[in-house]
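A quick write-up on the structure given underneath.
Protein chains: 2
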Amino acid sequence: MADGRGTATAGGENLLFLTDEQLRQGIEAMFFAYRGFTADPDRILSDMAYGRAHHRAIHFINRAPGTTVNNLLNILGVTKQSLNRVLRTLIEDGLVESRVGKTDKRERHLHLTEDGRALEGRLSDAQRARMRAAFRDAGPEAVAGFRTVLEAMMDTEMHRTYQRLKESGA
Amino acid sequence: MADGRGTATAGGENLLFLTDEQLRQGIEAMFFAYRGFTADPDRILSDMAYGRAHHRAIHFINRAPGTTVNNLLNILGVTKQSLNRVLRTLIEDGLVESRVGKTDKRERHLHLTEDGRALEGRLSDAQRARMRAAFRDAGPEAVAGFRTVLEAMMDTEMHRTYQRLKESGA
DNA sequence: AGTTTAAGTCAGCCTTGTTGACATTCCAAG
DNA sequence: CTTGGAATGTCAACAAGGCTGACTTAAACT
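Going down the list, the sequences are from chains F and L. With this note's numbering, the residue at position 110 of the first sequence is 110, and numbering never jumps. So this note's numbering is basically just the index in the second sequence, starting at one, shifted up by 170.
The structure is reproduced here in structure tokens:
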């Protein structure tokens with residue numbers, strides 16, 4: 001452990017950017033940036049009886065309308081009991097509609113209602129505004145690098161899920 | 171809301187990377203990457219009676235040994251009751267030491283003990299290993315872009331805190 | 001002397017995660 | 001046709017880690 005400063009020039013490559021200190025700074029940047037990333041939606045949600053879990057559910061239902069509960073479970077990576085609690089309140093409050101599957105009636109297909117889309121819009125607008133500002137300030141090359149590093153940070157399973165999502169929304 | 175696809179070429183610049191779809195993909199990448207980012211430490215901590223909150227406290231005490239409770243409070247952005255619960259268990263378990271301030275005896279200065287540094291090492295090693303792999307895969311230019319975007323995503327207050335941290339660890 | 005600040009503590013609440021047990025419904029294979 | 005398994009939902013209980021509010025102690029500042 002604590003592999004010192006000497007990670008550089010392993011194999012002739014310039015790996016000076018992989019010093020302990022650089023990595024720790026990356027870790028901290030990730031921590032603070034994620035806080036900024038969630039701050040605006042969190043503020044909106046704190047007024048209602050909702051939290052970040054509701055936001056995530058709403059986001060992915062909006063992205064893939066008609067998705068099944070099981071699919072959502074895999075994307076979000078939580079237990080069905082945890083998701084169900086969130087989903088139930090959203091359905092009760094009329095933001096999400098759960099339709100019994102046509103071919104497979106065990107499945108429930110999830111859709112946002114008019115009200116659900118309205119809330120999704122508010123949350124999404126806030127989050128995209130911050131993302132847009134950050135992207136604009138940083139410039140296209142930085143954004144490309146940002147995406148590359150983030151994708152490298154996911155494990156293969158997660159990465160596949162992300163790629164599928166990207167293609168479906170393209 | 172839903173400003174369509176036409177965000178491009180505003181003012182002659184190439185702003186094609188600011189379409190709704192690109193922004194949504196950035197949001198999703200951030201969501202998945204943060205999961206990857208915390209996965210390894212979470213796994214280590216789940217074996218003990220600790221969680222992510224303990225990790226954060228340990229991380230920042232290690233980064234700024236002798237820091238005060240108040241300072242830590244500002245960095246972490248939680249209430250003192252919340253931090254205190256975490257800090258108390260860490261002190262009880264002998265991972266963190268709380269020393270009364272010399273000039274101002276109201277203050278408590280926080281340090282990691284031998285055991286505390288050992289746990290910090292385990293957590294940090296795991297997290298840095300993933301960060302290192304991601305950085306290596308992505309390359310130096312991508313890493314620079316990654317950092318630029320993350321910093322732009324913080325608000326000014328957070329950004330100042332982060333810059334102070336970076337300087338102290340340089 | 002009085003006020004403010006740093007830290008800690010108690011009590012209670014909420015969200016969101018977890019396990020485990022169990023019911024229902026329905027498809028599909030034997 | 002029956003039975004096994006998959007998808008979904010539900011109940012109960014619990015823990016982590018946020019939060020607010022009220023309050024104490026000690027030290028420092030004015």
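For each residue, glycine too, the CB sits at the ideal point set by N, CA and C.
Item	Value
Residue nearest to residue 241 (chain L) in terms of C-alpha spacing, selected from L:269, L:278, L:260 and L:187	L:278
Where the alpha helix (DSSP H) containing residue 164 (chain F) begins and where it ends	156-168
Chain F contact for residue 294 (chain L) (CB, 9 Å cutoff)	yes
Selection of the stretch 231-250 of chain L by Cβ proximity to chain F, strictly under 8 Å	233 and 247
Any 3 or more C-beta pairs closer than 8 Å across the stretch 132-147 of chain F and the stretch 304-318 of chain L	yes
With 16 other Cβ atoms within 10 Å as the buried cut-off, status of residue 33 (chain F)	buried
Assumed close pair residue 185 (chain L), residue 131 (chain F) - CB separation to whole angstroms, cut-off 8 Å	Not a contact, Cβ separation roughly 13 Å.
Alpha-carbon to alpha-carbon, residue 127 (chain F) and residue 171 (chain F)	Examination of residue 171 (chain F) is not possible in this model, given that chain F is present from 1 through 170 alone.
Under the three-state DSSP convention, the category residue 248 (chain L) falls into	coil
Beta-bridge pairing of residue 280 (chain L) - partner residues as DSSP gives them	L:237 and L:268
Residue 323 (chain L): first and last residue of the uninterrupted alpha helix (DSSP H) it sits in	310-323
Chain F residues whose Cβ lies nearer than 7 Å to that of residue 313 (chain L)	17, 145 and 149
Closer than 9 Å to chain F by CB, residue 197 (chain L)	yes
Residue 195 (chain L) burial status per 10 Å Cβ neighbour count (16 or more: buried)	buried
Residue 39 (chain F) in three-state terms, based on DSSP	helix
Distance between residue 36 (chain F) and residue 299 (chain L) (C-alpha atoms, nearest Å)	25 Å
CB contact check: residue 89 (chain F) to chain L, cutoff 9 Å	no
Minimum Cβ-Cβ distance from residue 155 (chain F) to chain L less than 9 Å	yes
Spatial neighbours of residue 256 (chain L) in its chain, beta-carbon cut-off 8 Å, leaving aside the 5 residues before and after	223, 224 and 227
Residue 334 (chain L) burial status per 10 Å Cβ neighbour count (16 or more: buried)	exposed
Cα-Cα separation between residue 156 (chain F) and residue 295 (chain L), rounded to whole angstroms	20 Å
Closer than 9 Å to chain F by CB, residue 335 (chain L)	yes
Proximal residues to residue 237 (chain L) (C-beta, below 6 Å), its chain only, five neighbours per side dropped	280
CB of residue 82 (chain F) within 9 Å of CB of residue 91 (chain F), strictly	no
Euclidean distance between Cα positions of residue 148 (chain F) and residue 328 (chain L)	24 Å
Neighbour flag for residue 265 (chain L) against chain F, beta carbons, 9 Å	no
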